[in-house]
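Participant: Numbering (my numbering), first residue to last: 296 to 551. The C-beta atom is built at its ideal place from N, Cα and C for all residues, glycine as well. Just so you know, these numbers come straight off a predicted model, no measurement behind them.
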C-alpha cells in the first residue's frame with residue numbers, strides 16, 4: 296500500500312463519530328420506512344398431476360397420453376387464473392380475487408405432467424384456505440370446461456409456519472447501515488482533502504503577504520556578512536552567537 300492510499304485510509308476513519316451517526320441514521324430510516332410497514336408472508340403449497348381421461352372419466356396412463364397431458368398442464372394453468380375459479384375462491388375466503396391472484400404462484404414443471412401451486416399470504420391459515428378453495432373450485436370448473444382433463448393430488452395442501460420473507464428486514468437494514476458507513480467514509484475523505492487544500496492555500500497566502508522587513512531579516516540570516524545597519528543586531532544561529540554592529544564595523548562571532 297503506497298503512502299497516498301495509507302493517507303486516504305486514515306482520512307476515511309479520521310472522524311469516527313460521523314460514520315456512527317450516518318450508520319445509525321440509515322438504520323433508523325430503514326426501520327421506520329420499511330420494517331414497520333413490512334408484512335410477513337406465509338406459503339401454502341399443493342402439487343397436482345394432470346391427466347387426460349376417457350369417456351368414463353377414467354385416467355389414462357398409457358404413454359400415448361403423456362404428450363396430451365403435458366399440453367393440458369398449460370390449459371389448467373390458464374383455467375386456475377380465470378375469473379371463474381377466482382370468483383369461487385373469493386366467495387370461500389372473503390378475499391378480493393385480484394389479491395388472491397397476486398398471491399398465487401403456478402409452477403408447471405417442464406417435461407412432466409405435474410404442477411405446483413403455491414399461495415403466499417399474511418397468515419398460514421389464510422394461505423392454506425386459499426389453496427384448499429382453489430383445489431375445490433378448479434375441479435368444478437374443469438368439469439364444465441373440459442371433462443377429458445382431470446387431476447390427482449400428489450401432496451395434500453400444507454402451509455409453512457415460518458415466514459418465507461422473514462429475512463428481508465434484516466437484509467434491508469444491513470444494506471442501509473453499510474451504506475451509511477460508506478457514506479461516512481467518503482464524507483471524512485472529502486473533509487480531509489478540503490482541509491488539506493485550505494491549509495496549503497493559507498501557507499501560500501502567508502508567504503505572499505510576508506512584510507518586506509521580514510524578507511530583509513531572512514536575507515540577513517542567510518548572509519550576515521552582506522548586511523549593513525546603523526544599529527547593532529544580536530542573533531543566534533546554531534551554536535554561534537553573532538553581533539552585527541553598524542554597517543561599516545566588522546562582524547564578531549562568539550562560540551559558546
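Candidates 298, 297, 303: which alpha carbon is nearest residue 489's?
Facilitator: Answer by Cα proximity: 303.
Participant: Please classify residue 438: is it buried, with 16 or more other beta-carbons within 10 angstroms of its beta-carbon, or exposed?
Facilitator: Result: exposed.
Participant: For the region 476-490 and the region 365-379, state whether three or more C-beta atom pairs, one from each stretch, are separated by less than 8 angstroms.
Facilitator: Short answer: they don't touch.
Participant: Check whether the region 333-343 touches the region 471-482, taking contact to mean three or more Cβ pairs, one atom from each stretch, closer than 8 angstroms.
Facilitator: Flag = no, the region 333-343 and the region 471-482 do not touch.
Participant: What would DSSP say about residue 522, mapped onto helix, strand or coil?
Facilitator: The predicted position of residue 522 is uncertain, since its pLDDT is 45 and thus under 50; a value taken from the coordinates is nonetheless stated next. In the structure shown, residue 522 sits in coil (DSSP, three-state: anything other than H, G, I, E or B).
Participant: Given a threshold of 16 other Cβ atoms within 10 Å of its Cβ, counted over all protein chains shown, does residue 385 qualify as buried or as exposed?
Facilitator: Flag for residue 385 reads buried.
Participant: Would residue 479 pass as a contact of residue 318 if the rule is Cβ separation under 9 angstroms?
Facilitator: Yes.
Participant: Could you work out which residue in 483, 329, 494 is closest to residue 308 when comparing CA atoms only?
Facilitator: When each option's Cα is compared against that of residue 308, the closest is 483.
Participant: I'd like to know if the region 449-458 and the region 389-405 are in contact, where contact means that at least 3 CB-CB pairs between them fall below 8 angstroms.
Facilitator: The region 449-458 vs the region 389-405: no contact.
Participant: Looking at residue 347: is its Cβ nearer than 9 angstroms to the Cβ of residue 425?
Facilitator: No; because the gap between Cβ atoms is not below 9 angstroms, this pair is not in contact.
Participant: Check residue 374 in the structure and name its three-state DSSP category.
Facilitator: Three-state DSSP puts residue 374 in a helix.
Participant: Could you give the DSSP three-state label for residue 309: helix, strand or coil?
Facilitator: Correct three-state label for residue 309: coil.
Participant: With H, G and I counted as helix, E and B as strand and the rest as coil, what does DSSP make of residue 336?
Facilitator: Coil, per DSSP.
Participant: At the level of alpha carbons, what is the spacing between residue 330 and residue 464?
Facilitator: Taking the straight line from one Cα to the other gives about 6 angstroms.
Participant: Cutting at 7 angstroms between CB atoms, please list the residues of its own chain near residue 321, excluding the five before and the five after it.
Facilitator: Around residue 321: 471, 472, 474, 475.
Participant: Residue 435 and residue 389: beta carbons closer than 9 angstroms?
Facilitator: Going by C-beta atoms, residue 435 is not nearer than 9 angstroms to residue 389.
Participant: Give every residue of the same chain whose Cβ lies closer than 8 angstroms to the Cβ of residue 433, excluding the five residues on either side of it in the sequence, and list them in chain order.
Facilitator: Counting only Cβ-Cβ distances below 8 angstroms, and skipping sequence neighbours, we find 371, 374, 375, 380, 446.
Participant: State buried or exposed for residue 453, treating a residue as buried only when at least 16 other CB atoms are found within 10 Å of its CB.
Facilitator: Residue 453 should be labelled exposed.
Participant: Could you have a look at residue 409 and say whether DSSP puts it in helix, strand or coil?
Facilitator: Three-state DSSP puts residue 409 in a strand.
Participant: Pick helix, strand or coil for residue 414, following the three-state DSSP scheme.
Facilitator: The answer is strand: DSSP assigns residue 414 an E or B state.
Participant: Along the alpha helix (DSSP H) that carries residue 422, what are the first and last residues, could you check?
Facilitator: 419-440 is the span of the alpha helix (DSSP H), which, as asked, contains residue 422.
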